[in-house]
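Here is the structure we will look at, set down as structure tokens.
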Amino acid sequence: MIVLQKVKDIQNCLKNSKIEGLSVGFVPTMGALHQGHLSLISQSKDNNPLTVCSIFVNPTQFNDKADLEKYPRPIERDIELLEGVGCDFLFLPTVDEMYPPDFDFDYNPDLGGLDMAYEGASRPGHFKGVVQVVRRLLQIVKPDNLYMGQKDYQQYLVCKKMIEINQLPVSIVRCDIAREPDGLAMSSRNVRLSPEARKLAPIIYNTLMRVKLSKEKPIEELLSFARKELSLEGCELDYFDIVNANNLSAINDKGKNTPLVALTTVKIDGVRLLDNMLL
Ligand code: AMP
288 MIVLQKVKDI QNCLKNSKIE GLSVGFVPTM GALHQGHLSL ISQSKDNNPL
338 TVCSIFVNPT QFNDKADLEK YPRPIERDIE LLEGVGCDFL FLPTVDEMYP
388 PDFDFDYNPD LGGLDMAYEG ASRPGHFKGV VQVVRRLLQI VKPDNLYMGQ
438 KDYQQYLVCK KMIEINQLPV SIVRCDIARE PDGLAMSSRN VRLSPEARKL
488 APIIYNTLMR VKLSKEKPIE ELLSFARKEL SLEGCELDYF DIVNANNLSA
538 INDKGKNTPL VALTTVKIDG VRLLDNMLL
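Spelled out as structure tokens, the structure:
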């Protein structure tokens, strides 16, 4: 695997390696890689002759400085893992490389409200930062296919919308959520859970599954069941909602034949755990 830090180096390298007409797959990450990230790399490798991964802990999407500082950065292990799955290029820029003096920090497209609720409401400015960094990375790498995890469902929809608005020539591919054997969605933040919190955390997946299995019931009933379940001692529920999976708009029982997604974030032991399930 070739590791590059400079924009001009990754661009030159890709230009030289890219065989005319063959596609490039791209997996942007913030590192501290786990099987969830690696499954995105594998999906890209299955469908593209060249796969690029980026690792960049983007400061502009953190509204909590302490969270940014605590974010794990095991770069040597990440490189080993990427080599193990046969990733071709790792782009590992510094903050200055990503955000040169002429960077447009005002870029803030109208995402039709997709960025306002849920993670957007809990973390003001978060999606503005996400959209800016993903747009910049796409302009640098110019991939044909972009692989993003369903794990961050709202982020996936926000990026899809940003790509549509800018008419960027890239296809976005939504990849399934990789889970631990007990159902907990894999996340770089899971290492921060205490042993007791780790034991409690699968309640999120179990609740989502129970909602999915009872999806014929009235939505209000499903919501009150899930919200109660996720407010047990030790859990601090941020939100649990069931919405239109295409645009996160509110739904009532009459709209139940539209695709639905259950979205939740629960804080356990001070760690924010995101999860979701298509119903
Ligand atoms: P992150 O490093 O957390 O920004 O994640 C980078 C990419 O990996 C995003 O597209 C995430 O949605 C995706 N991802 C993170 N965790 C998982 C998981 N458990 N399963 C599948 N994809 C994931």
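Using the numbering used here, the final residue of the sequence shown is 566, and nothing's skipped along the way. C-beta atoms are modelled at their ideal positions from N, C-alpha and C, and glycine is treated no differently. A quick note: this is a predicted structure, and the numbers were derived from the prediction, not measured.
Item, Value
"Can you grab the Cα-Cα spacing for the pair Cys300 / Leu509, in whole Å?", "52 angstroms"
"Just checking Lys438 against the ligand AMP - is the residue's beta carbon closer than 7 angstroms to any of the ligand's heavy atoms?", "yes"
"According to DSSP, is Asp333 part of a helix, a strand, or is it coil?", "helix"
"Please indicate yes or no: does the CB of Leu327 lie closer than 7 angstroms to some heavy atom of the ligand AMP?", "yes"
"Along the alpha helix (DSSP H) that carries Lys504, what are the first and last residues, could you check?", "Looking at the DSSP string, Lys504 is not in any alpha helix (DSSP H), and its letter there is neither H nor E."
"State the start and end residues of the unbroken beta strand (DSSP E) segment that holds Tyr434.", "Asn432 to Gly436"
"Beta-carbon separation of Asn453 and Ile506 under 8 angstroms?", "no"
"Using CA coordinates, which residue listed in Asp393, Asn534, Glu516 and Pro411 is at the minimum distance from Val445?", "Asn534"
"Under the three-state reduction of DSSP, which class applies to Asp562: helix, strand or coil?", "strand"
"Nearest to Arg360 by alpha carbon, out of Phe390, Leu320, Gln330 and Leu327?", "Leu320"
"Need the endpoints of the alpha helix (DSSP H) that Asp296 sits in, please.", "Val294 to Ser304"
"Starting from the C-beta of Leu379, find all residues in its chain whose C-beta is less than 8 angstroms away, skip the five residues before and the five after it, and write them out in chain order.", "Val290, Leu291, Gln292, Ser341, Ile342, Phe343 and Ile362"
"Can you name the start and end residues of the beta strand (DSSP E) that Leu377 belongs to?", "Phe376 to Phe378"
"Check whether the Cβ of Ala532 lies closer than 7 angstroms to any heavy atom of the ligand AMP, and answer yes or no.", "no"
"Got a sec, what are the start and stop residues for the alpha helix (DSSP H) Ile452 sits in?", "Tyr440 to Asn453"
"What are the uninterrupted segments assigned as alpha helix (DSSP H) that are 4 or more residues long and contained completely in the stretch 371-426, given in chain order?", "382-385 and 406-409"
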